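Student: Let me give you the structure first, and then I'll get to my questions.
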Amino acid sequence: MTLKKIGIFGGTFDPIHHGHLILAREALEELGLELVIFVPAAASPHKPDFESAASAVRLEMVRAAIEGEPRFGFDAMELERPSPSYAIDTVEALRKREPAAEFFYLIGEDNVERLNTWHRFGELAKLVQFIVLDRTGRQAEQPYPVIRRHLDISATDIRNRVATGRSIRYLVPPAVEKIIRARQLYREPEK
Ligand code: ATP
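Here it is in structure tokens:
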């Protein structure tokens with residue numbers, strides 16, 4: 329029997345963008361995953377000073393972005409728990425739900441260095457296979473398998489572009505842009 333392979337993609341997703349989506353699809357194909365679950369974080373323990381858009385809106389954007397892709401799903405559990413969100417809690421909950429699955433936890437290259445400071449890292453590392461998403465294109469050696477596809481897109485840049493009146497077309501799905509406009513997100517320059 330082959331185990332069901334599930335990818336977990338945690339993030340602030342403020343907003344979700346084509347970098348996330350293209351790399352999630354790449355991971356799906358390269359690792360033969362059945363499903364990638366996007367898990368928006370309540371508040372990132374790694375970005376404590378960062379004031380993010382309301383969690384309901386970030387979730388709404390994730391839903392809109394993955395609509396119609398049957399192999400992408402989302403889970404709001406981290407938004408329902410008191411913050412900060414810890415990956416280990418999410419993984420333990422998903423494992424209870426899918427005891428016969430093998431889990432792959434996707435993280436951007438920029439997070440690898442701090443990974444061993446994550447809450448209960450030792451236990452987490454036993455429960456998931458970490459997969460690194462290339463972010464710099466520098467082909468640096470990584471302690472985990474890497475999805476190599478360099479996409480220079482960040483949520484920070486998207487928020488800055490909105491705040492300064494520049495276009496975000498082609499950086500986010502049209503449905504996400506529509507929500508950003510309708511809810512007037514990211515109008516204020518970041519402090
Ligand atoms: P911000 O610019 O606000 O820091 P972000 O674009 O990094 O946001 P997050 O929601 O923080 O987006 O990202 C979730 C995860 O996806 C993180 O592990 C992050 O490193 C990774 N990630 C985001 N964008 C990319 C990208 N273009 N290439 C590779 N990894 C990415």
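When we follow the working numbering, the leftmost residue of the sequence shown carries the number 329, and every step to the right adds one. By construction, the Cβ of each residue, glycine as well, lies at the ideal position given by its N, Cα and C atoms. Just so we're clear, the structure is a prediction, and the values are computed from it rather than from any experiment.
(1) Roughly how many angstroms separate the alpha carbons of H478 and H348, rounded to a whole number?
(2) Determine the contact status of I496 and I507, defining contact as a CB-CB distance below 8 Å.
(3) Can you tell me whether R511 is helix, strand or coil according to DSSP?
(4) Count the other CB atoms within 10 Å of the CB of A370; is the residue buried (16 or more) or exposed (fewer)?
(5) Return yes when the C-beta of R448 is under 7 Å from any heavy atom of ligand 1, and no when it is not.
(6) Okay, do the segment 438 to 451 and the segment 402 to 409 touch, 3+ Cβ pairs below 8 Å being the bar?
(7) Hey, how far is the Cα of E362 from the Cα of Y433?
(8) Please give me, in chain order, every unbroken run of the alpha helix (DSSP H) with length at least 4 that falls completely inside the segment 405 to 485.
(9) For G465, collect the residues of the same chain with a Cβ closer than 6 Å to its Cβ; drop the 5 residues on either side in sequence, then sort them by chain order.
(10) Verify whether the separation of the beta carbon atoms of F341 and V364 is less than 8 Å.
(11) Taking Cβ to Cβ, would you say P517 is nearer than 8 Å to A491?
(12) Grab the span of the alpha helix (DSSP H) containing G493 for me, first residue to last.
(13) Ends of the alpha helix (DSSP H) at L351?
(14) Along the chain, where does the beta strand (DSSP E) that runs through V364 open and close?
(15) In chain order, what residues of the same chain have a beta carbon less than 8 Å from the beta carbon of Y498, not counting five sequence neighbours either side?
(16) Have a look at I334, F366, V474 and flag the residue whose alpha-carbon is nearest the alpha-carbon of L387.
(17) Going by the beta-carbon positions, is the gap between A355 and I435 smaller than 8 Å?
(18) With respect to 7 Å, is the separation between the Cβ of T484 and the closest non-hydrogen atom of ligand 1 below this value?
(19) Note down the Cα distance separating R489 from E469, rounded to an integer number of angstroms.
Tutor: Once the coordinates are examined:
(1) On the sequence shown, residue 478 is found 150 positions in, with the first residue counted as 1. On the sequence shown, residue 348 is found 20 positions in, with the first residue counted as 1. One C-alpha to the other measures close to 11 Å.
(2) Translated into positions along the sequence shown, residue 496 becomes position 168. Translated into positions along the sequence shown, residue 507 becomes position 179. Not a contact, by the Cβ cut-off of 8 Å.
(3) Locating residue 511 in the sequence shown gives position 183, counting from the first residue. R511 falls in the coil class under three-state DSSP.
(4) Along the sequence shown, read from residue 1 onward, the residue named residue 370 stands at position 42. With 16 or more other Cβ atoms within 10 Å, it is buried.
(5) Translated into the one-based positions of the sequence shown, residue 448 becomes position 120. No - ligand 1 has no heavy atom lying nearer than 7 Å to the Cβ of R448.
(6) no
(7) Taking the sequence shown and counting its residues from 1, one reaches residue 362 at position 34. Taking the sequence shown and counting its residues from 1, one reaches residue 433 at position 105. Cα to Cα, E362 sits roughly 14 Å from Y433.
(8) Restricted to the segment 405 to 485, the alpha helix (DSSP H) segments that are unbroken, complete and at least 4 residues in length are 405 to 408, 415 to 425, 449 to 455, listed in chain order.
(9) By 1-based counting over the sequence shown, the position of residue 465 is 137. Excluding residues within five positions, the ones whose Cβ falls inside 6 Å are H478.
(10) Along the sequence shown, one-based indexing puts residue 341 at 13. Along the sequence shown, one-based indexing puts residue 364 at 36. No, the pair does not count as a contact, with Cβ atoms beyond the cut-off.
(11) Here the question's residue 517 lines up with position 189 in the sequence shown. Here the question's residue 491 lines up with position 163 in the sequence shown. Contact flag set, yes.
(12) Within the sequence shown, numbered from 1, the residue matching residue 493 stands at position 165. It is not in any alpha helix (DSSP H) - G493 carries neither H nor E in the DSSP assignment.
(13) One-based indexing of the sequence shown puts residue 351 at position 23. It spans 346 to 359 - the alpha helix (DSSP H) in which L351 sits, taken as one unbroken run.
(14) Position 36 of the sequence shown, counted from the start, is the residue given in the question as residue 364. Residues 363 to 368.
(15) Walking along the sequence shown from the start, residue 498 turns up at place 170. So the list reads H346, once near-sequence residues are dropped.
(16) Along the sequence shown, one-based indexing puts residue 387 at 59. The residue with the shortest Cα to Cα distance from L387 is F366.
(17) Against the sequence shown, residue 355 aligns to sequence position 27. Against the sequence shown, residue 435 aligns to sequence position 107. In this structure, I435 does not lie closer than 8 Å to A355 by Cβ.
(18) Residue 484 sits at position 156 when you count from the first residue of the sequence shown. Under cutoff, so the answer is yes.
(19) Counting from 1 along the sequence shown, the entry for residue 489 is found at position 161. Counting from 1 along the sequence shown, the entry for residue 469 is found at position 141. If I take the Cα positions, the gap works out to 32 Å.
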